[in-house]
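Trainee: In UniProt numbering, the protein residues as written are 1 to 389.
I am attaching a structure below and will ask some questions about it afterwards.
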């Protein structure tokens with residue numbers, strides 16, 4: 001498409017009528033280039049456009065940085081973009097809800113030995129549920145975001161599909177989107193490469209055109225997850241033993257299970273072993289970190305809970321991703337999906353790096369079928385032992 005935005009070009013990216021005059025679009029503006037370009041597309045479409053930025057956490061010294069998604073400098077960037085585009089812009093203090101729904105859950109997951117994915121919880125809560133309610137209160141016809149996914153119309157209604165550019169795809173983080181939410185949401189960037197998005201921003205004269213992408217969890221900018229957990233739950237961190245998962249031998253000690261995740265190899269500080277050791281499990285009740293050879297990381301199945309389904313289940317094959325950057329792998333689904341039900345998935349081949357707390361996201365081709373939180377795993381080694389017993 002041309003980087004000079006015509007109303008028809010902009011409307012096409014919103015999958016709406018060529019003329020959006022008389023419509024109202026609310027745009028979730030984080031202050032980054034993606035959401036800023038969505039605001040530009042909306043403004044050029046002919047629709048009345050309103051930008052909303054949620055301030056989600058402290059932007060002062062306690063956050064460890066000047067600004068990031070939804071705080072500090074990014075809020076100022078969002079406001080400057082709105083001024084440039086001539087659209088209304090509102091900043092909503094949502095820090096308390098974000099702490100309750102996302103940050104505290106993040107800390108609790110680590111203390112329970114799980115591997116949390118806070119960006120999914122943020123999308124399920126503040127970014128979609130709360131923002132969508134605000135957009136409806138403002139009389140909007142839709143809520144638009146800068147996520148790299150595609151909203152496609154299917155026989156049963158709107159569907160969620162992976163972005164055309166696999167390197168930018170964010171569908172893993174949006175599996176919890178409900179059908180009612182998807183009916184109201186728009187994702188104009190899902191069919192564009194990042195280079196085109198930046199070119200649009202530059203053509204529009206937006207100050208964020210060359211702004212780097214955020215690479216970290218917004219409230220953990222330095223990657224020090226343990227610092228956040230200690231700040232939120234100061235009484236929850238306890239030392240314990242590092243134990244060999246097969247022999248039961250105590251190999252060392254640790255300052256708290258919050259420093260470890262399943263699959264981790266570095267930072268164990270237990271040298272002198274005959275083979276490389278990985279974290280294979282975390283026993284939160286006994287404050288133990290279990291370690292073993294890589295083969296113990298293989299799993300053949302996982303139990304998932306709090307499931308969500310988007311659209312009908314297909315008759316054909318399914319795949320699943322257990323990490324955002326992983327390739328979808330073939331799976332079989334056992335049990336219902338959606339409505340919060342618990343179910344199970346079985347991998348066609350042993351999968352590595354699967355841990356409680358992660359999300360399992362299911363696909364039919366490029367379409368997101370749904371997913372849920374991983375509550376348990378079936379180790380390949382135990383499954384093999386049971387089969388040969």
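For each residue, glycine too, the CB sits at the ideal point set by N, CA and C.
1. Output the residue ranges of the alpha helix (DSSP H) runs that lie fully inside the segment 209-277 and measure 4 residues or longer, sorted by chain position.
2. Helix, strand or coil, according to DSSP, for residue 391 in the structure here?
3. Let me know the secondary structure DSSP gives residue 125 once reduced to three states.
4. Would you call the segment 237-257 and the segment 70-82 touching, i.e. three or more CB-CB distances under 8 Å?
5. How close, in whole Å, do the beta carbons of residue 134 and residue 176 come, if the pair is a contact with beta carbons under 8 Å?
6. Would you please state the rounded distance, in angstroms, between the beta carbons of residue 269 and residue 248? I believe it to be under 8 Å.
7. Between which two residues does the beta strand (DSSP E) harbouring residue 306 extend?
8. Just to confirm the assignment, what range does the alpha helix (DSSP H) spanning residue 358 have?
9. Could you spell out where the alpha helix (DSSP H) holding residue 376 opens and where it closes?
10. On a Cα-Cα basis, can you pick out the residue from 305, 38, 221 that is closest to residue 147?
11. Less than 8 Å between the CB atoms is what I'm expecting for residue 160 and residue 310, so what's the real figure, rounded?
12. Run through the DSSP bridge pairs and tell me what residue 321 is partnered with.
13. Please classify residue 158 as buried or exposed, where buried requires at least 16 neighbouring CB atoms within 10 angstroms.
14. For residue 118, which of helix, strand or coil comes out of DSSP?
15. Under the three-state reduction of DSSP, which class applies to residue 168: helix, strand or coil?
16. For residue 110, I'd like the list of residues in its chain whose CB is within less than 6 Å of its CB, leaving aside the five on either flank, ordered along the chain.
17. I need the straight-line Cα distance from residue 367 to residue 162, nearest angstrom please.
18. Please report the straight-line C-alpha distance between residue 378 and residue 171, rounded to a whole angstrom.
19. Just to check my reading of the structure: residue 33 and residue 208 have Cβ atoms closer than 8 Å, yes? What is that Cβ distance to the nearest angstrom?
20. Using DSSP's beta-bridge definition, name the partner residues of residue 48.
21. With DSSP run on the structure shown, which of helix, strand or coil describes residue 134?
22. Along the chain, where does the beta strand (DSSP E) that runs through residue 102 open and close?
23. What is the rounded straight-line gap between the Cα of residue 210 and the Cα of residue 41?
24. Pick from 346, 363, 299, 353: whose alpha carbon is nearest that of residue 448?
25. Helix, strand or coil for residue 183? Go by DSSP, reduced to three states.
26. What first and last residue would you give for the beta strand (DSSP E) that runs through residue 150?
27. Is the separation between the beta-carbon of residue 359 and that of residue 120 shorter than 7 Å?
28. Quick one: give me the first and last residue of the beta strand (DSSP E) that residue 75 is part of.
29. Within a Cβ cutoff of 7 Å, which residues of the same chain sit near residue 94, ignoring the five residues on either side of it in sequence?
30. Give the range of the beta strand (DSSP E) segment to which residue 144 is assigned.
31. Please determine if the segment 298-316 and the segment 177-190 are in contact, where contact requires at least 3 C-beta pairs separated by less than 8 Å.
32. With hydrogens ignored, establish whether the beta-carbon of residue 337 is closer than 6 Å to any heavy atom of the ligand GTP.
33. In the DSSP output, which residue or residues are listed as bridge partners for residue 283?
34. When DSSP labels each residue in this structure, what does residue 198 get in the three-state scheme?
35. By DSSP's criteria, residue 157 is part of a beta bridge. Which residues make up the other side?
Mentor: Quick answer:
1. The DSSP assignment places complete alpha helix (DSSP H) segments of no fewer than 4 residues inside the segment 209-277 at 225-232, in order along the chain.
2. Coverage of the chain is limited to positions 1 through 389, which leaves residue 391 absent and any answer about it impossible.
3. DSSP places residue 125 in helix when its eight states are reduced to three.
4. The segment 237-257, when compared against the segment 70-82, does not touch it at the 8 Å Cβ threshold.
5. So it is not a contact: roughly 19 Å between Cβ atoms.
6. The C-beta distance from residue 269 to residue 248 rounds to 20 Å, too long to meet the 8 Å contact threshold.
7. Following the DSSP letters along the chain, one finds residue 306 inside the beta strand (DSSP E) bounded by residues 299-309.
8. Here residue 358 belongs to no alpha helix (DSSP H), and DSSP marks it neither H nor E.
9. First-last for residue 376: 367-379, but that is the beta strand (DSSP E), not the alpha helix (DSSP H).
10. When only C-alpha atoms are compared, the closest one is 38.
11. Between residue 160 and residue 310, the beta carbon gap of about 5 Å places them in contact (Cβ cut-off 8 Å).
12. The partner list for residue 321 (beta bridge, DSSP) reads 361.
13. Under this definition residue 158 is a buried residue.
14. Residue 118 falls in the helix class under three-state DSSP.
15. Coil at residue 168, not helix or strand.
16. Excluding positions up to five away in sequence, the list reads 229, 258.
17. Distance between residue 367 and residue 162, taken at the CA atoms: about 6 Å.
18. Distance between the alpha carbons of residue 378 and residue 171 is about 25 Å.
19. About 5 Å separates the two Cβ atoms, so the contact holds.
20. Beta-bridge analysis with DSSP links residue 48 to 24.
21. Looking at residue 134 - three-state DSSP - the assignment turns out to be helix.
22. It is not in any beta strand (DSSP E) - residue 102 carries neither H nor E in the DSSP assignment.
23. Whole-angstrom Cα-Cα distance: 18 Å.
24. Beyond the ends of the chain as shown, which are 1 and 389, falls residue 448; an answer cannot be given.
25. Secondary structure of residue 183 (DSSP, three-state): helix.
26. That run of the beta strand (DSSP E) goes 149-154.
27. Going by beta carbons, residue 359 and residue 120 fall inside the 7 Å limit.
28. Unbroken run through residue 75 is the alpha helix (DSSP H), 73-85; no beta strand (DSSP E).
29. Cβ neighbours of residue 94 beyond the five flanking positions: 54, 55, 56, 126, 130.
30. Where residue 144 is concerned, the enclosing beta strand (DSSP E) stretches over 142-144.
31. Yes, the segment 298-316 is in contact with the segment 177-190.
32. Looking at this structure, you won't find the ligand GTP or any other ligand, since it has none at all.
33. Listed as beta-bridge partners of residue 283 by DSSP are 288.
34. The three-state reading of DSSP puts residue 198 in helix, counting H, G and I together.
35. Beta-bridge pairing links residue 157 to 154.
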